[in-house]
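Novice:
In the working numbering, the protein residues as written are 73 to 303.
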């Protein structure tokens, strides 16, 4: 049987690392990028460029602009400023888009059903993250169960980065010999700047600190990532 996977693909560090990790493991990979009217719309173009660089044959950009109408966030409204790093405190940051991963995983799973894919892959992580509730392992497992019940279809939602910190995520890119691609050609910045980004938003801060930690303890982080993922 042909091994197929669908990857929720934004063109950011995490989803691109998931893609390079999945490429040798599957016979057929489908990437899905969601156009929900996001503030950092450059990510759609970056995702398209990365799919071409990495030889992904099937890349879908799906219109989910309805999410923009419903979900109020600094990533969906230009009049809400993107907060600087570490400014959110104990509350959910304004960059949280309510329902985004619920919608994305649902649509990716419907697509997987149609193409006969056994796996949906997403780059969510709760080790180093911004506190988004829809990035937690409990949420993903609950969604997976609901989707299987609702479609009567055996499907596995995989989260390769769930228990990796950002330094270990950089290490995974190094393991696959794609560190420079991830470093210079992905877009994680909430202000839509490729590579190192704006250096002020939470996503850029987390990315930069993780890279610094990885570069300072290269072999330790490589070994840790390999052990966690049994590479």
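Backbone N, C-alpha and C fix where the C-beta goes; we use that ideal spot for every residue, glycine too.
1) Can you give me the Cβ contacts of residue 223 inside the same chain, cut-off strictly under 6 Å, excluding the 5 residues immediately before and after it?
2) Could you give the DSSP three-state label for residue 123: helix, strand or coil?
3) Looking at C-alpha atoms only, which residue of 93, 187, 199 and 247 is the closest neighbour of residue 295?
4) Going by DSSP, what residue range makes up the beta strand (DSSP E) through residue 197?
5) Hey, residue 221 and residue 300 are a contact pair by Cβ (cut 8 Å); roughly how many whole angstroms apart?
6) Can you tell me where the alpha helix (DSSP H) with residue 258 in it begins and where it stops?
7) Where in the stretch 101 to 171 do unbroken runs of the beta strand (DSSP E), each at least 3 residues long, occur, reported from the N-terminal end onward?
8) Please state whether the Cβ-Cβ distance between residue 131 and residue 92 is less than 9 Å.
9) Considering only C-alpha positions, which residue in the set 85, 106 and 146 is nearest to residue 180?
10) Can you tell me which of 152, 216, 217 and 196 puts its alpha carbon nearest to the alpha carbon of residue 207?
11) DSSP state of residue 273, grouped into three classes?
12) Can you give me the C-alpha to C-alpha distance between residue 84 and residue 276, rounded to a whole angstrom?
13) Beta-carbon within less than 7 Å of residue 189's beta-carbon, same chain only, minus the 5 sequence neighbours each way: which residues are those?
14) Helix, strand or coil for residue 265, going by three-state DSSP, please let me know.
15) For residue 189, which of helix, strand or coil comes out of DSSP?
16) Ordered along the chain, which non-local residues of its own chain (more than five positions away) have a Cβ less than 6 Å from that of residue 234?
17) From residue 95 to residue 81, what does the alpha carbon distance come to, in whole angstroms?
Specialist: Result, derived from the coordinates:
1) Residue numbering aside, residue 223 sits at position 151 when the chain shown is read from its first letter. Contacts found: 185.
2) Counted from its first residue, the chain shown places residue 123 at position 51. In the structure shown, residue 123 sits in a helix (DSSP, three-state: H, G or I).
3) Translated into positions along the chain shown, residue 295 becomes position 223. The residue with the shortest Cα to Cα distance from residue 295 is 247.
4) Position 125 of the chain shown holds residue 197. Careful: residue 197 lies outside any beta strand (DSSP E) and carries neither H nor E.
5) Residue numbering aside, residue 221 sits at position 149 when the chain shown is read from its first letter. Residue numbering aside, residue 300 sits at position 228 when the chain shown is read from its first letter. 29 Å between Cβ atoms; not a contact.
6) Residue mapping note: residue 258 aligns to position 186 of the chain shown, counting from 1. In the DSSP annotation of this structure, residue 258 is not part of any alpha helix (DSSP H), being labelled neither H nor E.
7) Runs of the beta strand (DSSP E) inside the stretch 101 to 171: 130 to 135.
8) In the chain shown, the residue the question calls residue 131 occupies position 59. In the chain shown, the residue the question calls residue 92 occupies position 20. Against a cut-off of 9 Å, the Cβ pair of residue 92 and residue 131 comes out as no contact.
9) Along the chain shown, read from residue 1 onward, the residue named residue 180 stands at position 108. Restricting attention to 85, 106 and 146, the CA atom closest to the CA of residue 180 is found in 106.
10) Within the chain shown, the letter at position 135 stands for residue 207. The residue among 152, 216, 217 and 196 with its C-alpha nearest the C-alpha of residue 207 is 196.
11) Locating residue 273 in the chain shown gives position 201, where the first residue counts as 1. Secondary structure at residue 273: strand, using DSSP grouped into helix, strand and coil.
12) Within the chain shown, the letter at position 12 stands for residue 84. Within the chain shown, the letter at position 204 stands for residue 276. One Cα belongs to residue 84, the other to residue 276, and the distance between them is close to 11 Å.
13) Walking along the chain shown from the start, residue 189 turns up at place 117. Excluding five sequence positions before and after residue 189, the CB atoms of its chain that fall closer than 7 Å to its own CB belong to 76, 77, 78 and 102, given in chain order.
14) Taking the chain shown and counting its residues from 1, the one referred to as residue 265 is at position 193. Residue state, collapsed to three classes: coil.
15) By 1-based counting over the chain shown, the position of residue 189 is 117. It is coil, neither helix nor strand.
16) Counted from its first residue, the chain shown places residue 234 at position 162. Counting only Cβ-Cβ distances below 6 Å, and skipping sequence neighbours, we find 197 and 209.
17) Start at 1 with the first residue of the chain shown, and residue 95 comes out as number 23. Start at 1 with the first residue of the chain shown, and residue 81 comes out as number 9. Rounded to whole angstroms, residue 95 to residue 81 spans 13 Å at the Cα level.
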